[in-house]
Structure formats: structure tokens, C-alpha cells
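Engineer:
There are 2 protein chains.
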Amino acid sequence: MNLKEAKQQFVQAWGALGTQWGINKTMAQIHALLLLANEPLSTEDIMEQLSISRGNANMNVRELMEWALADKVFKFGERKDYFIAEKDVWKIARQVAKIRKKRELEPIIRLLEQIENIEGIKNDELKAFVKIVHEVRRLAVNAERLIDGIVKSEDSWFWDKVFKLFSK
Amino acid sequence: MNLKEAKQQFVQAWGALGTQWGINKTMAQIHALLLLANEPLSTEDIMEQLSISRGNANMNVRELMEWALADKVFKFGERKDYFIAEKDVWKIARQVAKIRKKRELEPIIRLLEQIENIEGIKNDELKAFVKIVHEVRRLAVNAERLIDGIVKSEDSWFWDKVFKLFSK
DNA sequence: ATCTTGTTTCAAAAATTATTGAAAGTTTTA
DNA sequence: TAAAACTTTCAATAATTTTTGAAACAAGAT
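Listed below in C-alpha cells is the structure:
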């Protein structure tokens, strides 16, 4: 396997992983491409390397920027837009956790709070329902705190602590 | 909001959350339904409550059993299959983590190991590539360890430790 | 002012994923 | 052994999501 093949494998794998986690394959692939790139890439570079259309490249690059995983940069004397990605893997992980927390975890916690406060005769059925909802919410709130902690942590500090936690 | 509405909201939300994380909506909804059910549900109960076909219900119930999130139970003197779900939210979380680790994290770690050991002239481009792949793999391996730890942990113990970790 | 270079939009098409429903399969009962 | 009760399978269909590509838009160069 040469370098070019290895890069392709990485990009493919990143795309497949994204798909499994509800992220557009192309978005994940562009991210991988930028992650591996030694210099900023233009829309045309991306189109060419992934064999995708201009519209698709544009749309997914902008989505990556919304996630704050890519940035637009300008090259001196050129009119084209170029793109780069954050290369610090820990920062990427924190950013993804932060965004998904905000978009998915927080809304569901709000919903669980609502439905946990349901009115009605306190019979066994209602009690059992409230119990489950409460437990799910408790897990969600704990996960939220964990993510908040991760977002504020340094890579080495966090994993060192985790390692010690489980090795005692 | 009455109890019935609240249950529906929960089932809907569970389905939506599943979808965002790459899990079939119906599978997630059936899981929610079983989670809230006070007694085992038959395929017909599921079909009726979610307005889905027999084939769909059957397929997704079996998928839930593959994830070890649901079990088949038999009612005395009845020929129908009935289904129940694990109700312990922490056990569910551990199980999902365990399964996704095995299916998605482990394969990608193996791939990263492979492409990290790429041969070639040790120029800057190759060095930069290997560095990124190594860092991604490091994160993945750490995540793997964290999940292994979680899978072995009691709910209260784990969250207590996490809480202390970030409050110091 | 208009040409050139480049970006964005979005309706239509394609690809992917999920669902249906009827036929085939299985097990129990009579 | 045949009918009844129930489950499984899977090709066809439907729904959803992604992608295309051409037109509209924007901004700098001439």
C-alpha cells in the first residue's frame, strides 16, 4: 500500500464511519481530505479528488464550516476560496461532542423534563412511566456534564484521569 | 398532556434520536415502546401501536434482539411470541456502547493500524500523514478503553467518579 | 459597462434506505 | 395428515436523503 492508497482508504473509512453515525458521507470525506491535506484545498481540488459535483462540494464544505471543523482561507493574489481543517484530533472530537450535545442532547433533555412533569392520577402505570423518563433524563444529564467536562479538558489530562479511574 | 400523549412523545423522540445516530427509526420506536410497556407486547401490539406492517415489526424486533436490547418471552397457554426490553437505562447504555464499539470502533482501529504501518520514503508528506493517523488511532484506542471501563462499571460509581473528576 | 472568474442556489434526478404485504415456512392442534 | 395459528422472508414499492448541474448571483479586472 502506497501513500496515495493509504490516504484514499482513510478518506473512505472516514466517510463510512460518518454514515454510520448519521453524518453525510461527503461531508465526512471532505473533512478527511482537509485533515490530510498539507495545504489549503480549493473547491475544485475537492471536486476532483472525491469525484463530486460543484454543488455537492460547496454544500458540504459550508456544512463543515457550520460545525466549525473547516475554515475558509485566502491565498495571496488568488480569487478562489481555499479551505483548511483543524488538525488537532482532540479539538475535533471536542467540537463534534459540543455541537451534537447542543443539537441533540439538550433538546431531548428539555423534552424529557416536560413529559416527566405530566399531570394525572398517580396510579402504577403513571408512576412506572415517570420512573423510566426520569432515569433516561438522569443519564442524559450526566452525559451532558461529561461532555462539558471533556470540552474544557486537555487531551492528556483527560485520558490520564480516565486511565487511572479504571486501573484502580 | 396526558399519559398517552406523553408516551407517544417519548416514542417519537426516541425514534428521531435513533435516526440522527444512524439507527433505524422503527427499531428505536419499538425499543421505546417496549421500554414503556408494563407487560410483554406481541408483534400485533407493536404493529398496531406504531401503525407498521408485520414484516417491518418482525424485522426490527429481531434487530433489537441482535443488539440484546429485547427478549422473546412466552405467555402460558399462548402461541404468540411476546417481547420485552431491558428496563435498566444504564444497562441499555452499556449494551449500546459495547455493540457499537465492536461493530464500528474496533474495525476502524484495525484499519488505522494497517495504514499507519505504510511503507515508503520518509519524506515530510508521509510523516505528516502517519502523524495524523497515529493521533486518530490514539483517540480511538482511548475511547475503546473508556467504553470498556463503562461496560464494567456500576452506574452510580461511574458518574460519581466523573463528577468528582471535573469538580476539582 | 461588461467580461471573466468564481460561488451559491435549488429543482430535478439518482441513490440509498426503509417498508409493505403476500407467499413460503414452521409449529401446534385436531 | 390437514388445518389453523403464527413467523419469516424478500421482491416490489415507497420514502427519504443525497447529488447533480445549470442558472442566478457576486465581485474583481479591463
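Residue numbers (the working numbering), protein chains in the order written: chain A, 1 to 168; chain B, 169 to 336. Glycine is no exception: its CB is placed at the ideal position from the N, C-alpha and C atoms.
1) Could you give the C-beta distance for B/L202 and B/F251, rounded to a whole number, given that I count them as a contact under 8 Å?
2) Between the alpha carbons of B/A311 and B/M215, how many angstroms are there, rounded?
3) Does B/K319 pass the burial test, meaning 16 or more other C-beta atoms within 10 Å, or should it be called exposed?
4) Measuring CB to CB, does B/L314 end up less than 8 Å from A/V162?
5) Jot down the residue ranges of each uninterrupted alpha helix (DSSP H) in the segment 179-261 of chain B, minimum 4 residues, whole runs only, in chain order.
6) Which of the three DSSP states is assigned to B/S321 in this structure?
7) Helix, strand or coil for B/I276 per DSSP?
8) Can you tell me whether B/K175 is buried or exposed, with buried defined as 16 or more other CB within 10 angstroms of its CB?
9) Show which residues of chain A have a CB atom less than 7 Å away from the CB atom of B/W189.
10) So what does DSSP say about A/K131, is it helix, strand or coil?
11) Going by DSSP in three states, A/K122 sits in which element: helix, strand or coil?
12) DSSP on B/K329, reduced to helix/strand/coil?
13) Buried or exposed for B/Q282, going by 16 or more other Cβ atoms inside 10 Å?
14) Kindly confirm or deny that the segment 92-110 of chain A and the segment 53-60 of chain A touch, where touching means at least three C-beta pairs closer than 8 Å.
15) When you compare the CB positions of B/T194 and B/L218, do they come within less than 8 Å of one another, or not?
16) I need the straight-line Cα distance from A/K101 to B/E207, nearest angstrom please.
17) Could you name the residues of the segment 111-130 of chain A whose beta carbon sits closer than 7 Å to any beta carbon of chain B, in the order they occur along the chain?
18) For A/K168, name the three-state secondary structure that DSSP assigns.
19) Could you tell me how far apart the beta carbons of B/Q263 and B/W235 are, in whole angstroms, since I believe they sit closer than 8 Å?
20) Could you tell me the distance, in whole angstroms, from the CA atom of B/H302 to the CA atom of A/E44?
21) With 16 as the cutoff for other CB atoms within 10 Å, does A/I121 come out buried or exposed?
22) Taking a Cβ distance cut-off of 8 Å, strictly less, list which residues of the segment 300-318 of chain B are near chain A, in chain order.
23) Exposed or buried, A/R137, counting other C-beta atoms within 10 Å across all chains shown (16 or more means buried)?
24) Spatial neighbours of A/V73 within its chain, please: C-beta separation below 6 Å, excluding the five flanking residues on both sides.
25) Please compile the residues from chain A whose C-beta is within a distance smaller than 7 Å of the C-beta of B/L204.
Structural biologist: To lay it out plainly:
1) Yes, they are in contact, since the Cβ atoms of B/L202 and B/F251 sit about 6 Å apart, within 8 Å.
2) 38 Å
3) Looking at the sequence provided, one finds Val at residue 319 of chain B rather than Lys. It counts as exposed.
4) yes
5) 193-204, 211-218 and 222-234
6) Of the three classes helix, strand and coil, the one that applies to B/S321 here is coil, per DSSP.
7) helix
8) It counts as buried.
9) W21 and G22
10) helix
11) coil
12) helix
13) Its Cβ having fewer than 16 others within 10 Å, B/Q282 is exposed.
14) no
15) yes
16) 33 Å
17) L111, I115, I118, G120, E125, L126, A128 and F129
18) coil
19) 7 Å
20) 28 Å
21) exposed
22) I300, V301, E303, V304, R306, L307, N310, R313, L314, D316 and G317
23) Buried, since its Cβ has 16 or more Cβ neighbours within 10 Å.
24) The residues are P40, Y82 and I84.
25) F129 and I132
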